[in-house]
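> Quick note, the sequences are listed as chains W and C, same order. Using the numbering used here, you'd call the opening residue of the first sequence number 22 and step up by one each time. Using the numbering used here, you'd call the opening residue of the second sequence number 962 and step up by one each time. Each residue gets a CB set at the ideal place from its N, CA and C atoms; glycine is no exception. Bear in mind the structure is a predicted one, so any value in this text is a computation, not a measurement. Supplied in structure tokens, the structure appears directly below.
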Amino acid sequence: MPQGVMVIAEQRDGEIRKVSYEIVSEGRRLADKLGQKVTAVLLGQNIKDKAATLAHYGADKIIVADNAKLASYTPDAYTSVIAQVVKANDPAILILGASVQGKDLAARLSARLGVGMAQDCTAFAIDNGRLNAIRPIYAGKAYAKVTFSDNYPHMATARPNVMPMNPPDASKAAEIADAGVALDDSALKIKVADVIRDAAGKVDLTEADKIVSGGRGMKGPEGFKVLEDLAAAMGASVGASRSAVDAGWRPHTDQVGQTGKVVSPNLYIACGISGAIQHLAGMSTAKVVVAINKDPDAPIFQKADYGVVDDLFKVVPALTEEVKKLG
Amino acid sequence: MKIIVCIKQVPDTETQIKIAPGGKSIVKDDIKWVMNPYDEFGVEEALRIKEKLGGEVIVVGLGPKRVTESLRTALAMGADKAILISDPAAEGSDALATAKALAAAVKGLQPDLIFTGQRGVDEDMGIVGAALAEYLGIPHFSVITRVEVAADGKSVKCHKPVEGQTLVFESPLPAVITAQKGLNEPRYASLPGIMKAKKKPLDEKTLAALGLNPAEFGEGARKLKVVEITPPPARKAGKIVQGDSPESKAKELAKLLHEEAKAI
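Set out below in structure tokens:
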């Protein structure tokens, strides 16, 4: 019988990413309900000494695959290694982070393992010893509760920023084992030809703790300057609605919504965004929502915890000053 | 180059989603069905590569008869042929079963390149492209914003933005690429294109015709099972921040976010 919870941690340039600690924490909670253990798996190059922190969040055992071929993510090498680790350890539950990399890897891995996989989940539960997952569908216009057939492991990815992180306990240690799996070079077809880095310090919207977003009400690309200033003052990332992106005011990578990014920040400030259903879909799991719009009838106010009905070009700079005072 | 584009038909993104009695599916009447927006980027990219390197673009869909409409849209944009996998037994299939059916339909065509959208905007899974590649035993690249096929048509470079950086992958062809917004601006079908599309070949295939066992498809064979579908959790009624000037409202908002919401 398959036993235990396995989580696949993720590193970038040798640094373990936050979502990894979120899934270790969630894995710990699920394992406690089952009375079983949590194994974290970390792939990369020269990452062995970083792996120990996974224990601080609740991993009982850490399996490390350290190999120059794993330094940067490729779907084929990562799938091959993890599939072997899964088969050797036979976990009941397998969880990855729903980062861009995690979603890609989980998709290929589920086909390799021949198991069902629930992508981008916002909650997990154990019901009669079996994993249940909640996942937004139609970009959050509805939620599906899903469960799995008798094929193991039961597999899912967890949306970043949603699962609470355990307070780290540096006194906790775990057994660190080498994955000891073979990587057949001749079977690897994918090469990383280049890595183009974004401007330093820019946090991707899907992982941002705070987002300041602008829509048609920004009136043009130059209007976003006030949002950039507010974002800089509070350490937020800047997002945009589809109409702002389609107008060419912001790059596609900034788009929040059903055909853009689905985000879960702690704070989402929507400025000059009316709140089209496809935009609301993309930010439905934000924790605190603020809407600043001069149209009191804008649908965004129905979804906002705090609404300001006024000219954003006056409110936002004033808010920036207030935030600086708090700083 | 032989290029395949797998397309899905989904509710238009402006659709209000209603849950059907029984709570296991959505109400499918009165929905405006469209080609999945991400698939349109795939069709466009396939057409651009064909225009540059020559060859043929074949679109493949799976689903009920209404999917024909989306396939015709792709034909009107410029694709050459279409295949519809249409079989009542496939209704309700999960992502892996869907990928298996597509793999069976595509395999015999010996494609050089296969596109799909990076995810369906209905179930938001993003599995089919990678699973299709797995079943065909070829590389896949997902959520891609730039595709460069080598002049000899033997290899491809793909740009994949991940958080904070863009990975540029390279591999020999064939491969599966899933399209992300930003890859291109899909063309509109022209009127002559729409007229021509009516005469282009559109083959329908059942699962059995593809050599598949219908018992491995559909609702009953799902490895991921839907327990129930519910409306999203309702947000509590919000507060309108009061003040006699934009500055005083900003001040009050900052105070609420700091003290009450503890968000800043």
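1) If the criterion is Cβ atoms closer than 8 Å, does the pair Tyr-78 (chain W) and Val-45 (chain W) meet it?
2) Roughly how many angstroms lie between the CA atoms of Ala-1035 (chain C) and Leu-1070 (chain C), to the nearest whole one?
3) Check whether the Cβ atoms of Met-255 (chain W) and Lys-231 (chain W) sit closer than 8 Å, and answer yes or no.
4) Under a Cβ-count criterion, where at least 16 other Cβ atoms within 10 Å of its own Cβ denotes burial, should Ser-285 (chain W) be classed as buried or exposed?
5) Does the contact criterion of 3 or more C-beta pairs under 8 Å hold for the segment 1093-1106 of chain C versus the segment 1059-1066 of chain C?
6) My output table needs one value for Arg-1107 (chain C): the three-state DSSP class, helix, strand or coil.
7) Would you say the segment 968-976 of chain C touches the segment 311-330 of chain W, given that touching needs at least three Cβ pairs under 8 Å?
8) Mapping the DSSP letters down to three states, classify Pro-1193 (chain C) as helix, strand or coil.
9) Are three or more beta carbon pairs between the segment 200-220 of chain W and the segment 1109-1129 of chain C nearer than 8 Å?
10) Contact defined as beta carbons within less than 8 Å: I believe Pro-1135 (chain C) pairs with Leu-1074 (chain C). What is the distance between those atoms, to the nearest angstrom?
11) So within the segment 69-116 of chain W, which uninterrupted beta strand (DSSP E) runs reach at least 3 residues, ignoring any that extend past its ends?
12) For the beta strand (DSSP E) containing Asp-199 (chain W), name the first residue and the last one.
13) I'd like to know whether the C-beta of Pro-174 (chain W) is nearer than 8 Å to at least one C-beta of chain C.
14) Would you please verify whether the beta carbon of Ala-1091 (chain C) is less than 8 Å from any beta carbon of chain W?
15) In whole angstroms, what separates the C-alpha of Asp-206 (chain W) from that of Asn-88 (chain W)?
16) So the candidates are W:Thr-60, W:Val-85 and W:Asp-81; which of them puts its Cα closest to the Cα of Ala-72 (chain W)?
17) Taking the alpha-carbon of Ala-229 (chain W) as reference, which of W:Asp-171, W:Pro-181, W:Ile-68 and W:Ala-92 has the nearest alpha-carbon?
18) Is Asp-125 (chain W) close to chain C, meaning its C-beta is less than 8 Å from at least one C-beta of that chain?
19) At the 8 Å Cβ level, is Asp-318 (chain W) part of the contact set with chain C, yes or no?
20) Could you have a look at Asp-190 (chain W) and say whether DSSP puts it in helix, strand or coil?
21) Could you check what DSSP says for Val-26 (chain W) in three-state terms: helix, strand or coil?
22) Could you check where the alpha helix (DSSP H) with Glu-343 (chain W) kicks off and where it finishes?
23) From this set, C:Asn-997, C:Gly-1179, C:Met-1086 and C:Pro-1207, which residue's C-alpha is nearest Pro-1049 (chain C)'s C-alpha?
24) How is Gly-1003 (chain C) classed by DSSP in three states: helix, strand or coil?
25) If you measure between the beta carbons of Leu-63 (chain W) and Ala-30 (chain W), is that distance less than 8 Å?
26) Closest Cβ-Cβ distance between Ile-1075 (chain C) and chain W: below 8 Å?
27) Report yes if the C-beta of Phe-334 (chain W) is less than 7 Å from at least one heavy atom of the ligand SAH; otherwise report no.
Judging by the given coordinates:
1) yes
2) 18 Å
3) yes
4) buried
5) yes
6) strand
7) no
8) coil
9) yes
10) 6 Å
11) 82-87
12) 196-199
13) no
14) yes
15) 12 Å
16) W:Val-85
17) W:Pro-181
18) yes
19) no
20) coil
21) strand
22) 333-347
23) C:Gly-1179
24) helix
25) yes
26) no
27) In the structure shown, the ligand SAH is absent, as is every other ligand, since no ligand is present at all.
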